[in-house]
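Undergrad: Chains A and B are the protein sequences, given in the same order.
The first sequence runs 4 to 199 under this note's numbering.
The second sequence runs 4 to 199 under this note's numbering.
Ideal Cβ positions, reconstructed from N, Cα and C, are used throughout, including at glycine.
Remember, it's a predicted structure, so these values are computed and weren't measured experimentally.
2 protein chains.
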Amino acid sequence: MTARISGVGGVKSGVGATPAPSTEVILIQPGTIVIGIDPSLRGTGWGVVRVADPEPVHLASGTIRCPERWERTRCLGEIGKEIAGIMARFQPTECACEGLFFAQNLQTALIMGEARGAALAAVAVAGIPVHEIAPRKVKQAIVGYGAAQKIAVAKMVQRRLSLEELPGPDAADALALAIAFIQERRRPAFATAKRI
Amino acid sequence: MTARISGVGGVKSGVGATPAPSTEVILIQPGTIVIGIDPSLRGTGWGVVRVADPEPVHLASGTIRCPERWERTRCLGEIGKEIAGIMARFQPTECACEGLFFAQNLQTALIMGEARGAALAAVAVAGIPVHEIAPRKVKQAIVGYGAAQKIAVAKMVQRRLSLEELPGPDAADALALAIAFIQERRRPAFATAKRI
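1. Check whether the Cβ atoms of Ile-119/B and Glu-117/A lie closer than 7 Å to each other.
2. At which residue ranges does the stretch 100-157 of chain A contain complete beta strand (DSSP E) runs of 3 or more residues, listed in the order of the chain?
3. Just checking my contact of Ala-122/A with Pro-57/A at CB under 8 Å: how many whole Å lie between their CB atoms?
4. Could you tell me the alpha carbon to alpha carbon distance between Gly-149/A and Arg-139/A, rounded to whole angstroms?
5. What would DSSP say about Leu-62/B, mapped onto helix, strand or coil?
6. Taking the continuous alpha helix (DSSP H) assigned at Thr-47/A, which residues delimit it?
7. Taking Cβ-Cβ distances below 7 Å as the criterion, which residues of the stretch 69-90 of chain A are in contact with chain B?
8. Just confirm the distance between the C-beta atoms of Pro-95/B and Ile-131/B, as a whole number of angstroms; I'd bet it's less than 8 Å.
9. What residues of chain B sit near Arg-45/A, judged by a beta carbon separation below 7 Å?
10. Kindly give me the distance between the Cβ atoms of Val-146/B and Ala-155/B, rounded to whole angstroms, as I take these residues to be in contact under 8 Å.
11. Taking DSSP as the reference, what is the three-state secondary structure of Gly-171/B?
12. If you reduce the DSSP assignment to three classes, tell me which class Asp-56/B lands in.
13. Could you tell me which of Glu-85/A, Thr-195/A, Thr-76/A, Val-51/A sits nearest to Ile-38/A, measuring between CA atoms?
14. At the 7 Å Cβ level, is Gly-120/A part of the contact set with chain B, yes or no?
15. Just to confirm before moving on: does the CB-CB distance between Ala-127/B and Thr-76/A stay below 7 Å?
16. Measure the alpha-carbon distance for Ile-114/B versus Lys-142/A and round it to whole angstroms.
17. At a CB-CB cut-off below 7 Å, which residues of chain A make contact with Gly-102/B?
18. Which one of Ile-31/A, Arg-189/A, Asp-173/A, His-61/A has the shortest CA to CA distance from Glu-97/A?
19. Counting only beta-carbon separations shorter than 7 Å, does Glu-167/A have a partner in chain B?
20. Comparing the CB of Ala-122/B with every heavy atom of the ligand SAH, is any distance shorter than 6 Å?
21. Please state the DSSP three-state secondary structure of Ile-31/A.
22. Whole angstroms are fine: how far does the CA of Arg-190/A sit from the CA of Glu-74/A?
23. What's the C-alpha gap between Val-54/B and Ala-177/B?
24. Taking Ile-67/A as the query, report the chain B residues whose CB atoms sit under 7 Å from its CB, ordered along the chain.
25. Show which residues of chain B have a CB atom less than 8 Å away from the CB atom of Met-115/A.
26. Just tell me which of Glu-135/B, Ile-86/B, Met-159/B has its CA closest to the CA of Ile-199/B.
27. Output the distance between the C-alpha atoms of Pro-33/A and Val-60/A, rounded to the nearest integer angstrom.
28. Could you list which residues in chain A have their beta carbon closer than 9 Å to that of Ile-199/B, in chain order?
29. Does Ser-25/B have its Cβ less than 7 Å from a Cβ in chain A?
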């Protein structure tokens, strides 16, 4: 039940495409710029791709690194500033973020939450929607196996985006989020991304 | 063992003042602009005061309200944008934030963390230090009793800042944070604020 999109750069006709179900899943247009973000205090991965057929095109990706010696709030400022810069440069219109469903304890949850807040506020200020996808679902979408290892995800991301080098682990996770989000939007019946 | 500060607007001489202990507590100068922030997804309190003798001068305060119908990330964007605006308008050079030591569960901690991250990133982007103070310590500093009720804190804030009206509960908490921070900096031996 794959729905292909017609439009600028589209290959198949839109006629006969499955309509979006009532869960508000909207099909994604080719040419759409999507940012994937995997927030973390010391190493926030990010990746920007453009929707295309058969695979998205990689525009840029990287990791916002904050050394251990930096105070927590300095990291938050760095994350906010960097994401704001990436938003201004690539002007994505959709954002996919890792859905956090596990933290060891309240202190960890709070710190992870702070990093997410810094990153997502910078996205939200630009007024674009943010969708969260559970890590398992991302792995399932990319590797076909929900408990896949990080390196398997990175290798598949490299292959699907035709990257010359293996992306760093954080950047690979962010790119995987963007790819998984786009994939879901093309197969709305399997959509699990949740707008937050 | 109160240390008064000499300098612009200062009253007492700095001679004989207790030197700052090695915990890096630096005495605060009169005229310094301090912002207090009490972050929360639906109602972030903020207050800006100027250090003066005998009490700080209230410059502005309020609450960033985000209706329940707003998505989480929309709230984060609003918090980030509003705090950035307040930073630009009043140019504070110190920030006091509520130290969070309690959350009911991981999900709550994550959401509280996100609100904190959105607010503190906007502060940190401006490059100013953020200090966190535990809620109990704030109450102790303002009312003299760590388990004081919110209304008692608000009334004392109103009195100490000579406000015509009782501040709203979130704004009052934020102003209390700023006052408590300034008070600690004037009595460094009792300092508990922790730079984060």
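TA: Per the coordinate set shown:
1. Taking the second sequence and counting its residues from 1, the one referred to as residue 119/B is at position 116. Taking the first sequence and counting its residues from 1, the one referred to as residue 117/A is at position 114. Sequence check: residue 119/B is Arg here, not Ile. A contact, by the Cβ cut-off of 7 Å.
2. As summarised for the stretch 100-157 of chain A, the continuous beta strand (DSSP E) elements at least 3 residues long and confined to that stretch are 133-136, given in chain order.
3. Within the first sequence, residue 122/A is the residue found at index 119, counting from 1. Within the first sequence, residue 57/A is the residue found at index 54, counting from 1. No, Ala-122/A and Pro-57/A are not in contact; Cβ-Cβ is about 30 Å, not under 8 Å.
4. Position 146 of the first sequence holds residue 149/A. Position 136 of the first sequence holds residue 139/A. Computed Cα separation, rounded: 5 Å.
5. Taking the second sequence and counting its residues from 1, one reaches residue 62/B at position 59. Residue state, collapsed to three classes: strand.
6. Here the question's residue 47/A lines up with position 44 in the first sequence. Taken as a continuous stretch (DSSP letters only), Thr-47/A belongs to no alpha helix (DSSP H), being part of the beta strand (DSSP E) at 46-53.
7. Glu-74, Arg-75, Thr-76, Arg-77, Leu-79, Gly-80, Ile-82, Gly-83, Lys-84
8. For this step, residue 95/B is matched to residue 92 along the second sequence. For this step, residue 131/B is matched to residue 128 along the second sequence. In this structure Pro-95/B is in contact with Ile-131/B, their Cβ atoms being roughly 6 Å apart against a cut-off of 8 Å.
9. Here the question's residue 45/A lines up with position 42 in the first sequence. By Cβ distance, chain B contributes nothing, its closest Cβ being about 14 Å from Arg-45/A, past 7 Å.
10. In the second sequence, residue 146/B corresponds to position 143, counting from 1. In the second sequence, residue 155/B corresponds to position 152, counting from 1. That pair is a contact at about 5 Å.
11. Position 168 of the second sequence holds residue 171/B. If DSSP states are grouped into helix, strand and coil, Gly-171/B belongs with coil.
12. As a first step, residue 56/B is located in the second sequence; it is residue number 53 there, counting from the start. If DSSP states are grouped into helix, strand and coil, Asp-56/B belongs with coil.
13. Here residue 38/A refers to the residue found at position 35 when the first sequence is read from its first residue. Here the closest residue by C-alpha is Val-51/A.
14. Translated into positions along the first sequence, residue 120/A becomes position 117. Chain B contact via Cβ: present.
15. As a first step, residue 127/B is located in the second sequence; it is residue number 124 there, counting from the start. As a first step, residue 76/A is located in the first sequence; it is residue number 73 there, counting from the start. In contact: Ala-127/B and Thr-76/A (Cβ atoms closer than 7 Å).
16. What you label residue 114/B is simply residue 111 of the second sequence in a count that begins at 1. What you label residue 142/A is simply residue 139 of the first sequence in a count that begins at 1. Each residue's Cα considered, the two are about 25 Å apart.
17. Counting from 1 along the second sequence, the entry for residue 102/B is found at position 99. Here the premise fails: no neighbours, minimum Cβ distance about 10 Å.
18. The residue labelled residue 97/A in the question sits at position 94 within the first sequence. Selection Ile-31/A, Arg-189/A, Asp-173/A, His-61/A evaluated against Glu-97/A yields Ile-31/A as nearest (Cα-Cα).
19. For the purposes of this step, residue 167/A is taken as the residue at position 164 of the first sequence. Chain B, which has no Cβ nearer than 7 Å to the Cβ of Glu-167/A, makes this no.
20. This structure lacks the ligand SAH, and indeed carries no ligand of any kind.
21. For the purposes of this step, residue 31/A is identified with residue 28 of the first sequence, where counting begins at 1. Coil.
22. As a working note, residue 74/A is residue 71 in the first sequence. As a working note, residue 190/A is residue 187 in the first sequence. Roughly 43 Å between the two C-alpha positions.
23. Stepping through the second sequence from its first residue, residue 54/B is reached at position 51. Stepping through the second sequence from its first residue, residue 177/B is reached at position 174. Roughly 15 Å separates the two Cα atoms.
24. Start at 1 with the first residue of the first sequence, and residue 67/A comes out as number 64. Here the premise fails: no neighbours, minimum Cβ distance about 12 Å.
25. To locate residue 115/A, count along the first sequence from 1; it is residue 112. Ordered by position in chain B, the residues that pass the 8 Å Cβ test against Met-115/A are Leu-113, Gly-116.
26. Within the second sequence, residue 199/B is the residue found at index 196, counting from 1. Closest by alpha carbon: Glu-135/B.
27. As a working mapping, residue 33/A is identified with position 30 in the first sequence. As a working mapping, residue 60/A is identified with position 57 in the first sequence. Straight-line Cα distance between these residues: approximately 10 Å.
28. Here the question's residue 199/B lines up with position 196 in the second sequence. Those are Glu-74, Arg-75, Thr-76, listed as they occur along chain A.
29. Looking up residue 25/B in the second sequence gives position 22. At Ser-25/B the pLDDT is 44, less than 50, meaning the model places this residue with poor confidence and gives no usable figure here.
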